[in-house]
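Comments concern the structure below.
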Amino acid sequence: MSDNSIVMLFLPAELISVHLLAAFAIAALAGAVKGMVGFAMPMILVSGLSLFLPPDIALAGLILPTLVTNGMQALRQGGQAAWQSMKRFRIFLLIGLVFLLASAQLVRVLPQDIMLILIGAPITLFAVLQLFGIAIPISRATPRVEAIVAAFAGFIGGFSGIWGPPTVAYLTALGTEKREQMRVQGVIYGLGAVALLVAHIGSGVMRADTAPFSLLLIPPAIFGMWIGGRLQDRINQVTFRRATLVVLLVAGANLLRRGLMY
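If you read the sequence shown in this note's numbering, its first letter stands for residue 113, the second for the next number, and so on.
The structure is reproduced here in structure tokens:
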């Protein structure tokens, strides 16, 4: 039995050996970026994997690596610190969870071109705003504003696996201290990843033939995250973050192009 035949027994039919190697490289890159700035793994994974996989399989692939790496990020300063962050942002977590679970069911309903546009648009908008230094003028976290941002993040995250941009924009607008922001992102994204897993077991995205693919992406994602963490102390984070935003802008624009030309 050939290598490709063995792969076909356990993975989606769209995956062949060369695609697996490409998926591993994308997962490592996503992990490295996450290790540097604390977010962007789902965006890079879904953008990269969607180049050669259907959106639902790309979404399935990112679920488990995102869950594991966010858990590592959330618990980096210990469980007590993570619990305090959960208490502080409990409204965001609750509202985001509700909207994430609700919108997850859209994966099987939305046409592929619409899904690509809905994923690409927030990525592109976020990258453009950040590159031009446009911030949301929020002086303090009011329950109403927190609920609105959480609803949008959860809605986008449910059908795309991407809820980072509005979350990062919100935390940045609040002037959240760097270490706390990294931890809060890990907590929010980690709990969101748990909800995403549960939601897409129900939606059928995470199933017997897609779960092994997602499992295989965990090691390269962790390896990449380790590299990113090591680089964080050696490379100017502002410069690297700007370069990351350029990459995300290209990725988001590519998803929009595919959606518009589908």
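Just so you know, even glycine gets a beta-carbon here, dropped at the ideal spot from N, CA and C. The structure displayed is predicted, hence computed values, not measured ones.
- Taking the alpha-carbon positions, what's the Q245 to I231 distance? According to the sequence as given, residue 245 is Gly; it is not Gln. Taking the straight line from one Cα to the other gives about 22 angstroms.
- Does the beta-carbon of M373 have 16 or more other beta-carbons within 10 angstroms, so that it is buried, or is it exposed? exposed
- Put F211 into one of helix, strand or coil per three-state DSSP. helix
- Message: If you reduce the DSSP assignment to three classes, tell me which class L121 lands in.
- Response: Bear in mind that the predicted position of L121 carries a pLDDT of just 43, short of 50, making it unreliable; the figure below should be weighed with that in mind. In the structure shown, L121 sits in a helix (DSSP, three-state: H, G or I).
- Task: Round the Cβ separation of G266 and L228 to the nearest angstrom and send it over; I've been treating them as touching at under 8 angstroms.
- Result: Not quite, the Cβ-Cβ distance comes to about 20 angstroms (not below 8 angstroms), so this is no contact.
- Does DSSP put G190 in a helix, in a strand, or in coil? coil
- Message: Could you give the first and the last residue of the continuous alpha helix (DSSP H) run that contains Q217?
- Response: Here Q217 belongs to no alpha helix (DSSP H), and DSSP marks it neither H nor E.
- Taking V296 and S162 to be in contact with their CB atoms under 8 angstroms, please state how far apart those CB atoms are, rounded to whole angstroms. Not really, about 28 angstroms apart at Cβ, beyond 8 angstroms.
- N-terminal and C-terminal residue of the alpha helix (DSSP H) that L343 is part of: 330-344
- Message: What does the Cβ neighbour count give for I118, buried or exposed, with the cut at 16 atoms within 10 Å?
- Response: Reliability of the predicted coordinates at I118 is poor, the pLDDT of 35 falling under 50, and the value obtained from them is presented with this limitation in mind. Per the 10 Å Cβ criterion, exposed.
- To which residues of the same chain is P277 closer than 7 angstroms at the C-beta, ignoring the five residues directly before and after it? P234, I235, F238
- Helix, strand or coil: how does DSSP classify N366 here? helix
- Item | Collapsed DSSP secondary structure at N182 in the structure displayed | helix
- Query: Exposed or buried, what is A305 when buried is set at 16 or more other beta-carbons lying within 10 Å of its beta-carbon?
  - Reply: buried
- Proximity of H153 and T181 at Cβ, strictly below 8 angstroms: With the sequence shown as reference, residue 153 is identified as Met, and His is not the correct amino acid for it. In this structure, T181 lies closer than 8 angstroms to M153 by Cβ.
- For F201, collect the residues of the same chain with a Cβ closer than 7 angstroms to its Cβ; drop the 5 residues on either side in sequence, then sort them by chain order. V296, I300
- Assuming I339 and A144 form a contact by the criterion Cβ under 8 angstroms, report the distance between their Cβ atoms to the nearest whole angstrom. 5 angstroms
- With A140 and A333 assumed to form a contact (beta carbons below 8 angstroms), what rounded beta-carbon distance in angstroms separates them? 7 angstroms
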